[in-house]
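*Asks:* According to my numbering, the sequence shown holds residues -12 to 321 in order.
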Amino acid sequence: MSIVFDLEIPNAREGFFVPHGFATAEQVVDVIVEAEKLGFNAVWATDFFAPVESSGISLKSPPTWFEPLMILANAAANTKKIKLGTGVLMLPYRDPTVLAKQVSTLDHLSSGRLLLGIGLGAYRDEFARVRAHQAKAHRGRILDEYLEILIRLLSDERSVSMDGRYVSLDRVDMHPKPIQTPLPIYLPARGDHSYERIANWDLNVMVPALNGSKFLGELSPFLASAGKELASRDIIGEAELHMGATNEAAARSYQNTAMGQFRIERAIPQNRKSLETMVSANWIGNAESIIDKMNLSKEQGIRHFNLLHVAADSLSSRLEQMQQFAEEVMPHVR
């Protein structure tokens, strides 16, 4: 596999990593169009519903968060080659039967370019507000049932039935099926429960790019127990990006961005990181240092990189960061 580079888009990052009023829905799609021009392999749209106390963002000024599937559907009509991913869709928040129809339709609208990243969701109190009738339910068990029915509906299986605790279907024969068979599904690899799901359903994985060997090493025994191999799946290494003329300048600049301030100062105390930790764990620096970090990740078997967050406080600054990365880094990590 050749080296490829992806990019998260700012559809739902207000209040966390970008200032209020950062981008309209149309401008978010414009970022995707520009990413295609710059040679990025895929974009990933994130998923949040409502601000909650545990997130660390201010509840006084509600952020604008655009729904990822709708953004990607618009992008499908305005692009030709770039892949369109959900990174990640909070599966327990959604009806999995309806979602199966939505993602299959989106795969057709994009001519087979959809990548489906799914996850549990970052904040339990957000889930409790959005799914109040399930506030006391075990999210992991919901995820397991929803994932099973989603995969079955997207497969060639006909007349799908299930009588579970959270899902009940009776002979559902859903069409059309996705263009891609199977549809690429990704799950963050972050612990034993996620490793079990990845192994059970033979999923692709997302790991921190600069510590990927730890998570891949922990995942491998689960795959072996299921008779599967790590090499048979796509592995995405993710990290945050902020470039500067020197490593020192990039670190100072990052610290002053909304993203840097959130990570270091505004997140709830247990989630805060030092500047040194953020710099060492991410692609924060000049082009040469970022190239070196990516080459180290290559040695760990990662050949698919995702710029998980781009630290920039204006749309123009973000586009400049994207262009600088495309020109100064991408050609040298191959």
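Beta carbons: idealized from backbone N, C-alpha and C, even for Gly. Model, not experiment: these values are computed from the prediction.
#1: Counting C-beta neighbours from all protein chains within 10 Å, is the total for V85 16 or more, i.e. buried, or is it exposed?
#2: M230: buried (16+ other C-beta within 10 angstroms of its C-beta) or exposed?
#3: If you check the beta carbons only, do L71 and L56 fall under 7 Å apart?
#4: On the DSSP bridge assignment, give the partners of K70 in chain order.
#5: Short of 6 Å in beta carbon distance, which residues of its chain neighbour N233, apart from the five on each side in sequence? Order them along the chain.
#6: Taking the C-alpha atoms as reference points, what is the distance between G99 and W31?
#7: May I have the straight-line CA-CA distance separating A22 from E314, to the nearest angstrom?
#8: How about F4 and A176: are their beta carbons less than 7 Å apart?
#9: Tell me the DSSP secondary structure of W270 in three-state form.
#10: Quick check on DSSP: helix, strand or coil for S301?
#11: Where does E227 fall in DSSP's three states?
#12: Would you kindly report the start and end of the unbroken beta strand (DSSP E) that includes F(-8)?
#13: In chain order, what residues of the same chain lie with their CB nearer than 8 Å to the CB of L96, ignoring the 5 residues before and after it?
#14: What are the boundary residues of the alpha helix (DSSP H) that includes M246?
#15: Considering only residues of the same chain and omitting the five flanking positions on each side of N293, which have a CB-CB separation below 6 Å?
#16: Return the chain-ordered list of same chain residues with a C-beta closer than 8 Å to the C-beta of Y153, the five sequence neighbours on each side being excluded.
#17: Where do the N-terminal and C-terminal ends of the beta strand (DSSP E) with I289 fall, by residue?
#18: Do you know whose CA, among Y182, S155, R139, lies nearest T168's CA?
#19: Hey, could you find the ends of the alpha helix (DSSP H) M57 is sitting in?
#20: Checking the sheet assignment: what are the DSSP bridge partners for P195?
#21: Does the Cβ of D157 have 16 or more other Cβ atoms within 10 Å, making it buried, or fewer, making it exposed?
#22: Using a 10 Å radius around the Cβ and a threshold of 16 neighbouring Cβ atoms, would you call G104 buried or exposed?
#23: Taking the straight line between their C-alpha atoms, what separation do you get for A119 and I185?
#24: Can you tell me where the alpha helix (DSSP H) holding G127 begins and where it ends?
#25: Exposed or buried, which one is H180 when buried takes at least 16 other CB atoms within 10 Å?
#26: Can you tell me which residues form a DSSP beta bridge with V5?
#27: So for G204, helix, strand or coil by DSSP?
#28: Which same chain residues end up closer than 7 Å to M(-12) when comparing Cβ atoms and leaving out the 5 residues on each side of it in sequence?
#29: What span of residues does the alpha helix (DSSP H) with Y182 cover, start to end?
#30: Three-state secondary structure (DSSP) at V147?
#31: Rounded to whole angstroms, what's the CA-CA distance from V320 to S284? Just pull it up for me.
#32: Decide if P(-3) is buried, meaning its Cβ has at least 16 other Cβ atoms within 10 Å, or exposed.
#33: For a quick check, are the C-beta atoms of D94 and P49 less than 7 Å apart?
#34: If distances are taken between C-alpha atoms only, which option among E275, R116, R239 comes closest to L262?
#35: In chain order, what residues of the same chain have a beta carbon less than 8 Å from the beta carbon of M265, not counting five sequence neighbours either side?
#36: In the DSSP assignment, the beta strand (DSSP E) including V159 goes from what residue to what residue?
*Replies:* Looking at the atomic coordinates:
#1: Numbered from 1 along the sequence shown, position 98 holds the residue referred to as residue 85. With fewer than 16 other Cβ atoms within 10 Å, it is exposed.
#2: Sequence index remark: in the sequence shown, residue 230 carries index 243 (1-based). So M230 ends up on the buried side.
#3: The count along the sequence shown starts at 1 and reaches residue 71 at position 84. The count along the sequence shown starts at 1 and reaches residue 56 at position 69. Going by C-beta atoms, L71 is not nearer than 7 Å to L56.
#4: In the sequence shown, counting from the first residue as 1, residue 70 sits at position 83. Answer is A29.
#5: Sequence index remark: in the sequence shown, residue 233 carries index 246 (1-based). According to the sequence displayed, residue 233 carries Thr and not Asn. Once the five neighbours on either side are set aside, the close Cβ partners of T233 are N273.
#6: In the sequence shown, counting from the first residue as 1, residue 99 sits at position 112. In the sequence shown, counting from the first residue as 1, residue 31 sits at position 44. Going by the C-alpha atoms only, they are around 15 Å apart.
#7: Translated into the one-based positions of the sequence shown, residue 22 becomes position 35. Translated into the one-based positions of the sequence shown, residue 314 becomes position 327. Looking at the two C-alpha atoms, the distance is approximately 12 Å.
#8: Position 17 of the sequence shown, counted from the first residue, corresponds to residue 4. Position 189 of the sequence shown, counted from the first residue, corresponds to residue 176. The answer is no: Cβ separation not under 7 Å.
#9: In the sequence shown, counting from the first residue as 1, residue 270 sits at position 283. W270: strand per DSSP, three-state reduction.
#10: Within the sequence shown, residue 301 is the residue found at index 314, counting from 1. Coil, per DSSP.
#11: Taking the first residue of the sequence shown as position 1, residue 227 is located at position 240. In this structure, E227 counts as strand in the three-state DSSP scheme.
#12: Reading the sequence shown from its first residue, position 5 is the one you call residue -8. Per DSSP, F(-8) belongs to the beta strand (DSSP E) from -9 to -4.
#13: The count along the sequence shown starts at 1 and reaches residue 96 at position 109. Hits under 8 Å: A60, A63, A64.
#14: Translated into the one-based positions of the sequence shown, residue 246 becomes position 259. Element bounds for M246: 245 to 248.
#15: On the sequence shown, residue 293 is found 306 positions in, with the first residue counted as 1. Excluding sequence neighbours, N293 sits near D(-7), I223, E225.
#16: The residue given as residue 153 occupies position 166 in the sequence shown. Here the set comprises Q121, A124, R128, I129, E132, Y133.
#17: Within the sequence shown, numbered from 1, the residue matching residue 289 stands at position 302. No beta strand (DSSP E) holds I289; DSSP gives it neither H nor E.
#18: Translated into the one-based positions of the sequence shown, residue 168 becomes position 181. It is R139.
#19: The count along the sequence shown starts at 1 and reaches residue 57 at position 70. 55 to 65 is the span of the alpha helix (DSSP H), which, as asked, contains M57.
#20: Taking the sequence shown and counting its residues from 1, one reaches residue 195 at position 208. Answer is E225, bridged to P195.
#21: Translated into the one-based positions of the sequence shown, residue 157 becomes position 170. D157 should be labelled exposed.
#22: Within the sequence shown, numbered from 1, the residue matching residue 104 stands at position 117. By the 10 Å Cβ count, G104 comes out buried.
#23: As a first step, residue 119 must be located in the sequence shown, where it is residue number 132. As a first step, residue 185 must be located in the sequence shown, where it is residue number 198. Taking the straight line joining both Cα atoms gives about 28 Å.
#24: Along the sequence shown, read from residue 1 onward, the residue named residue 127 stands at position 140. Taken as a continuous stretch (DSSP letters only), the alpha helix (DSSP H) holding G127 covers 126 to 141.
#25: The count along the sequence shown starts at 1 and reaches residue 180 at position 193. The residue is exposed, with fewer than 16 neighbouring Cβ atoms inside 10 Å.
#26: Mapped onto the sequence shown, residue 5 falls at position 18. In the DSSP output, where bridge partners are listed per residue, V5 has E1.
#27: Residue mapping note: residue 204 aligns to position 217 of the sequence shown, counting from 1. The answer is helix: DSSP assigns G204 an H, G or I state.
#28: Taking the first residue of the sequence shown as position 1, residue -12 is located at position 1. Counting only Cβ-Cβ distances below 7 Å, and skipping sequence neighbours, we find R290.
#29: Here residue 182 corresponds to residue number 195 of the sequence shown, with the count starting at 1. Counting along the chain, the alpha helix (DSSP H) containing Y182 begins and ends at 179 to 188.
#30: Start at 1 with the first residue of the sequence shown, and residue 147 comes out as number 160. Three-state result, V147: strand.
#31: By 1-based counting over the sequence shown, the position of residue 320 is 333. By 1-based counting over the sequence shown, the position of residue 284 is 297. Each residue's alpha carbon lies about 11 Å from the other.
#32: Within the sequence shown, numbered from 1, the residue matching residue -3 stands at position 10. The residue in question, P(-3), is buried, as its Cβ has 16 or more Cβ neighbours within 10 Å.
#33: One-based indexing of the sequence shown puts residue 94 at position 107. One-based indexing of the sequence shown puts residue 49 at position 62. No, the Cβ-Cβ distance between D94 and P49 is not below 7 Å.
#34: Mapped onto the sequence shown, residue 262 falls at position 275. L262 has its Cα closest to that of R239, out of E275, R116, R239.
#35: What you label residue 265 is simply residue 278 of the sequence shown in a count that begins at 1. Excluding sequence neighbours, M265 sits near E227, Y241, G247, R250, I251, I271.
#36: Your numbering for residue 159 matches position 172 in the sequence shown. Start and end: 155 to 159.
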